[in-house]
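Residue numbers (the numbering used here): 10 to 236.
A short write-up of the structure that comes next.
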């Protein structure tokens with residue numbers, strides 16, 4: 010049973026798709042959290058979940074920050090390390106940091122980036138970083154000769170678009186305090202990326218539904234044609 014605040018907020022939302030500008034205002038008002046809650050989008054796609062060729066995955070930076078503070082650890086040396094520091098890296102990893110992680114002391118980081126030259130050294134700590142989703146990999150786009158660019162993207166709000174068990178994409182696009190136009194621009198960017206990733210053999214409706222939801226509170230359906 011949902012709480013009283015949730016039920017009261019839900020009464021203000023009709024079971025229909027709203028124009029995006031109206032939906033953003035409604036979802037902000039629907040937040041029942043006592044803090045600056047995140048605004049997430051849930052996008053249901055017309056994909057066959059059992060077909061590997063119909064799974065989509067992408068990493069890209071949103072045009073506006075999601076408002077989340079992201080701590081980035083970068084394993085790099087020389088000019089690459091200096092550039093990463095200037096870009097806002099919270100920590101530059103070296104042999105001492107690797108040794109510390111190997112002893113089970115995980116870094117205070119939300120993301121870890123590395124240059125290709127550093128990857129052989131990180132093999133011994135993969136069992137510590139991997140389960141936390143922190144191990145740099147080319148597939149995740151967290152291995153680069155110039156990690157400074159990645160640091161900037163991660164700080165800005167680089168997100169992952171991915172379908173897994175069900176053909177639904179869940180991503181955060183900002184916070185209740187974010188300007189309406191920023192949330193709309195971020196949602197538009199997410200939908201554009203999803204359309205770019207559309208598998209060639211998919212026929213019929215691709216984007217079936219789009220919802221916005223606060224961390225705590227009811228969701229609001231968005232008319233994708235209004236975006």
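Ideal Cβ positions, reconstructed from N, Cα and C, are used throughout, including at glycine.
Same chain, Cβ closer than 7 Å to residue 235, neighbours up to 5 away in sequence not counted: In the chain shown, the residue the question calls residue 235 occupies position 226. Around residue 235: 28 and 29.
Measure the alpha-carbon distance for residue 135 versus residue 216 and round it to whole angstroms. Taking the chain shown and counting its residues from 1, one reaches residue 135 at position 126. Taking the chain shown and counting its residues from 1, one reaches residue 216 at position 207. Taking the straight line joining both Cα atoms gives about 37 Å.
Between which residues of its own chain and residue 75 is the CB-CB distance below 6 Å, once the five residues before and five after are set aside? Looking up residue 75 in the chain shown gives position 66. These residues qualify, in order along the chain: 166, 181 and 183.
How close, in whole Å, do the beta carbons of residue 137 and residue 110 come, if the pair is a contact with beta carbons under 8 Å? Against the chain shown, residue 137 aligns to sequence position 128. Against the chain shown, residue 110 aligns to sequence position 101. With a beta-carbon spacing of about 5 Å, residue 137 and residue 110 fall inside the 8 Å limit used to define contacts.
What's the C-alpha gap between residue 106 and residue 83? As a working note, residue 106 is residue 97 in the chain shown. As a working note, residue 83 is residue 74 in the chain shown. Taking the straight line from one Cα to the other gives about 11 Å.
Looking only at its chain, what residues have a beta carbon closer than 8 Å to the beta carbon of residue 199, apart from the 5 residues adjacent to it on each side? To locate residue 199, count along the chain shown from 1; it is residue 190. The answer, listed in chain order, is 50, 52, 71, 168, 170, 178, 180 and 182.
Using a C-beta cutoff of 8 Å, does residue 93 count as contacting chain C? Annotation note: the requested chain C is absent from the structure, which comprises a single protein chain.
Can residue 39 and residue 226 be called in contact, C-beta distance under 8 Å? As a first step, residue 39 is located in the chain shown; it is residue number 30 there, counting from the start. As a first step, residue 226 is located in the chain shown; it is residue number 217 there, counting from the start. Yes, they are a contact pair.
What are the boundary residues of the beta strand (DSSP E) that includes residue 177? Residue 177 sits at position 168 when you count from the first residue of the chain shown. Taken as a continuous stretch (DSSP letters only), the beta strand (DSSP E) holding residue 177 covers 177 to 184.
What distance in whole Å lies between the Cβ atoms of residue 229 and residue 32, which are believed to be in contact at a cut-off of 8 Å? As a working mapping, residue 32 is identified with position 23 in the chain shown. As a working mapping, residue 229 is identified with position 220 in the chain shown. Contact holds; Cβ gap of about 5 Å.
DSSP three-state call for residue 102: helix, strand or coil? Residue 102 sits at position 93 when you count from the first residue of the chain shown. Strand, per DSSP.
Measure the beta-carbon distance from residue 174 to residue 58 and round it to whole angstroms, keeping in mind my assumption that it falls under 8 Å. Here residue 174 refers to the residue found at position 165 of the chain shown. Here residue 58 refers to the residue found at position 49 of the chain shown. The Cβ separation is near 7 Å, so the contact holds.
CB-CB under 7 Å to residue 194, same chain, minus the five flanking residues each way: which ones, in chain order? Against the chain shown, residue 194 aligns to sequence position 185. The answer, listed in chain order, is 72 and 73.
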